[in-house]
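Peer 1: For the protein sequence lines, the chains are A and B, in the order given. To convert a position in the first sequence, counted from 1, into the working numbering, add 13. To convert a position in the second sequence, counted from 1, into the working numbering, add 13. The beta-carbon is built from N, C-alpha and C at its ideal position, and this holds for glycine as well. Just so we're clear, the structure is a prediction, and the values are computed from it rather than from any experiment.
2 protein chains.
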Amino acid sequence: MDYLLKNCDFVLTWINDEPKVLRNVDIAISDGLITGVGTITMGGFEKIDCSGHVVIPGLVNAHTHTPMSLLRGFYDDAELMTWLNKMWSVERELTRDVIALGSELSIIEMIMSGTTAFIDMYHYPDVTADVALKYGLRAALGSTFIDTLRKPSCVENELRNFVSTYGKSQLVRPLINVHSIYAVSRDTLLRARDLSNELDLPIQVHVSETRDEVYESKRRYGMFPVEYLNSLGLVSSKSQLIHLGWVTNWELGIIARVNARVTHAPTSNMKLATAGHFPMRELMDMGVIVTLGTDGPASNNSLDMFREMKMAVLLQRHSYWDVSIKALHAFKAATINGYRLLGLNGGCVGSGCVADLVLLDLGSPRLQPIRGDNLLSNIVYSADGSDVDMVIVNGRIVYDKSRDYWVFRERAREIGERLNDFIRKFL
Amino acid sequence: MDYLLKNCDFVLTWINDEPKVLRNVDIAISDGLITGVGTITMGGFEKIDCSGHVVIPGLVNAHTHTPMSLLRGFYDDAELMTWLNKMWSVERELTRDVIALGSELSIIEMIMSGTTAFIDMYHYPDVTADVALKYGLRAALGSTFIDTLRKPSCVENELRNFVSTYGKSQLVRPLINVHSIYAVSRDTLLRARDLSNELDLPIQVHVSETRDEVYESKRRYGMFPVEYLNSLGLVSSKSQLIHLGWVTNWELGIIARVNARVTHAPTSNMKLATAGHFPMRELMDMGVIVTLGTDGPASNNSLDMFREMKMAVLLQRHSYWDVSIKALHAFKAATINGYRLLGLNGGCVGSGCVADLVLLDLGSPRLQPIRGDNLLSNIVYSADGSDVDMVIVNGRIVYDKSRDYWVFRERAREIGERLNDFIRKFL
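(1) Can you find a CB in chain A that lies within less than 8 Å of the CB of V336(B)?
(2) Please tell me whether G1(A) and V404(A) are closer than 8 Å, where the distance is taken between their beta carbons.
(3) With C-beta atoms as the reference, is F237(A) less than 8 Å away from S230(A)?
(4) Distance, Cα to Cα, H342(A) vs A396(A)?
(5) Using only alpha-carbon positions, find the residue among A311(B), L355(B) and Y135(B) that is nearest to S82(B).
(6) Going along the chain, which residues of its own chain have a beta-carbon closer than 7 Å to the beta-carbon of I428(B), five neighbours each way excluded?
(7) Rounded to the nearest angstrom, what separates T79(A) and N314(B) at their Cα positions?
(8) Please state whether DSSP places M403(A) in a helix, a strand or coil.
(9) Which of the three DSSP states, helix, strand or coil, is assigned to Q183(B)?
(10) Is it true that the CB of I194(A) sits closer than 8 Å to the CB of Y241(A)?
(11) What residues from chain A crowd round H331(B), counting only those whose CB sits closer than 8 Å?
(12) Which residue comes first and which comes last in the alpha helix (DSSP H) that contains K339(B)?
(13) Run the CB neighbour count on R232(B), radius 10 Å, all protein chains shown included, and call it buried at 16 or more, exposed below.
(14) List the endpoints of the continuous beta strand (DSSP E) containing E117(A).
(15) For I338(B), tell me which candidate among E430(B), V393(B) and L214(B) has the shortest Cα-Cα distance.
(16) Where do the N-terminal and C-terminal ends of the beta strand (DSSP E) with D139(B) fall, by residue?
(17) Going by beta-carbon coordinates alone, are P378(B) and E321(A) separated by less than 8 Å?
(18) On a Cα-Cα basis, can you pick out the residue from T280(B), Y333(B) and K284(B) that is closest to M293(B)?
(19) Using C-beta distances below 7 Å, list every residue in its chain close to Y148(A), excluding the 5 sequence neighbours before and after it, in chain order.
(20) Grab me the residues of V185(A)'s own chain with a C-beta within less than 7 Å of its C-beta, minus the 5 sequence neighbours each way, in chain order.
(21) What's the call for G356(B), buried or exposed, on a 16-neighbour Cβ count within 10 Å?
(22) L328(A) and M283(B): beta carbons closer than 8 Å?
(23) Alpha carbon to alpha carbon, how far is G306(B) from G385(A)? Give it in angstroms, no decimals.
(24) Name, please, each residue of chain A whose Cβ falls closer than 7 Å to the Cβ of I436(B).
(25) What number of angstroms, rounded off, separates the C-alpha of R416(B) from the C-alpha of A425(A)?
(26) Determine the DSSP secondary structure at W101(B), reduced to helix, strand or coil.
(27) Taking only the alpha-carbon atoms, compute the straight-line gap between E5(B) and D39(B) and give it to the nearest angstrom.
(28) Closer than 7 Å by beta-carbon distance: list the chain A residues that pair up with D5(B), in chain order.
(29) Using only alpha-carbon positions, find the residue among I216(B), T129(B) and L162(B) that is nearest to E104(B).
(30) Report the option in Q381(B), L375(B) and I349(B) whose CA atom is closest to the CA atom of V367(B).
(31) Spell out the partners DSSP gives W27(A) in its beta bridges.
(32) Taking C-alpha atoms, which residue in S221(A), L214(A), F158(A) and Y228(A) lies nearest to R199(A)?
(33) To the nearest angstrom, how far is the alpha carbon of T95(A) from that of E226(A)?
(34) Would F421(B) pass as an interface residue toward chain A - the criterion being a Cβ-Cβ separation below 8 Å?
(35) Mind checking if M322(B) is an interface residue toward chain A, Cβ cutoff 8 Å exclusive?
(36) Return the bridge partner residues of A41(A) from the DSSP annotation.
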């Protein structure tokens, strides 16, 4: 289906990496791409009246653990390692059915709050991929190396199967997940590196999240975590390094030199009291592609990328004692940089961009007063996911509030009840 | 009107300062008070079916500047003093009409997101009080001493008039606002103290918000800000001290000794990059009544107390590098402590509590899965204002989403357009 979004009151996009507001334009979409922005009178489109709406690029949740909504609120008041051990005690008993339910719940929440793509780290990625495809959301995911829970050879087999099944999908992009340097051996790291080279896949890894991880890395390997990964050939333009809360400036140099990608997950870091500081300004100044993620719904406990954008600005300002990180930096991380990480021309509203778009309700009380000059501010600091009226992914309407709200809500409630039946045996 | 809230799935309340979850109860409300919680079969009530809902005490926004929604998104990327000077440049030209519009917009946003009472610092408090009364929201407010903008004698006259007009109101509670030690003279501080004693009114003041304020206080008066206020008799059980980001432990001792009230405004502090640390754990451990506020909608830029509760926990965990501040502390600050600050038996769902209640949609996707054991977590970490279905203040239904949503939204949009007409001349 080709769409013409008519009479969009405001459009927020990127032109040469600067945010740009357009007024009263139409947007043409064909074959999953935006084919025109302006006053468009051509026929042959299904028209959608967008008056009363702001159109923004879709948001990329660059790091999450989708099925973990099943553990939302289950265990919230602990620091990282205690928390992880508790999570793993349940995760050892997860079935594909339970994972499917958790993923579906999270995907419903993500779509309803304007996320058009997510990057996932979890087990049974085929289960989550199928749910993403069913709902029409983009997903980058793959099997996860974590020696404490699974044999590396099993993970490798699963990954090879995953790539052969989903490698040609338009919406699903395989990747290799490595939990962390403390949850896998050196051999597993080398195995992941070799698979990445052989299959040409990106690698996502949690790194330098806690002081303990850093101290232990220095003690065991004589190197800081990014140095250690780099010494094994795991820091490159195919790497996505998550967290980086305790990182040296020479490690930033390594990251910038090889053009590795990085992801900030401020809410999760704060909730798990990992402290530290993700050096967002230095990384952006060095030209590194900085992205944003909510992390999993058991450590956030929300998947709303509007809230995450605000949190990133707030935490950065708190850490730097200045206002050098602004709304535009968070919006950039969540949109155009997210699509760069995915290797797509997206996060923008212009001809040739992938048609991943979100329509916000211009009349939402919390966004008033709204004008061109405060549009970006109001989106980052005042909006939340509930302001989303429509979500388009790859040129397809995957959420239309007026049509889908109650259906999605009922399904989420039903899933919630089924997850409760599963969780109760661990209480 | 007397109401019977029938079949509430969950109720979250406080019993002996511990959070407590009740299942499947009814709540009787008469003459603005809760008169029973349990299985209630008496007649004479208007029944409200609350199945599918969670009932929580109303949230108290303990510090805001209500009319400032008119400046939302107007100037977001500056540190406190630069930002304040920019705000004041517009505020010098505000009329009563514009203030009424800003207050109404904020009050709509607050009601829709579950706030039942707010404490305000601004000019023309009668204007804001009238809007609060029209919407049925509780408000504590009064004239604001700020020598940089207004003559103290004018403020005193306005205050005396305000007290004589609103002093007997059920919903409006007069107080004295003093902007800060840097925006008023010593004489004005003494005048405020004497008025507080004469009229028996609380005093709200911003204090120890920035390093500059602290250094300047030490340089000029040889004392830290709380010490200085205390030396003038302005720290007592009638004081409400806002921010306290840069405070010594002996100042905490003064606060605890005299039982002064304190308010944390984490989002605003982070957004304005004031850094520092509000010592929430020490204050709570000393028995001080800690409350939470969003601060004004031009420095937050949201009035959603659900978001503020989460932010408080996150920022505290980030500062302490541990998880000692938990969901329950934020919920306590926003509910029962807020009502203590207002001098009311509220923030609870039990016989004798004021009937200020919020109904949340149990089926909201972001709250799933939801059970008794994770109810508090999900409310603090996952909910936002959009989950509010009904708000009751003083026994009256002030917001019923199914009845009021579109009316409130349309009115907010209309106000937004009128505020834009005013703001455009400053752009």
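Peer 2: From the atom records:
(1) yes
(2) Residue 1(A) is absent from the structure shown; chain A starts at 14 and stops at 440.
(3) yes
(4) 16 Å
(5) A311(B)
(6) L114, E117 and L118
(7) 29 Å
(8) strand
(9) coil
(10) yes
(11) N282, M283, A286, A288, L328 and H331
(12) Neither: K339(B) is in no alpha helix (DSSP H) and is coded neither H nor E.
(13) exposed
(14) Where E117(A) is concerned, there is no enclosing beta strand (DSSP E), although the alpha helix (DSSP H) it sits in stretches over R109 to M125.
(15) V393(B)
(16) From DSSP, D139(B) is part of no beta strand (DSSP E) but of the alpha helix (DSSP H) over P138 to Y148.
(17) no
(18) Y333(B)
(19) I120, I124 and V411
(20) A142, A145, L146, A152 and Y179
(21) exposed
(22) yes
(23) 29 Å
(24) P382
(25) 24 Å
(26) helix
(27) With chain B running from 14 to 440 in the structure shown, residue 5(B) is simply not present.
(28) Limits of chain B in this structure are 14 at one end and 440 at the other, which puts residue 5(B) out of reach.
(29) L162(B)
(30) I349(B)
(31) P32(A)
(32) F158(A)
(33) 14 Å
(34) yes
(35) no
(36) L17(A) and G49(A)
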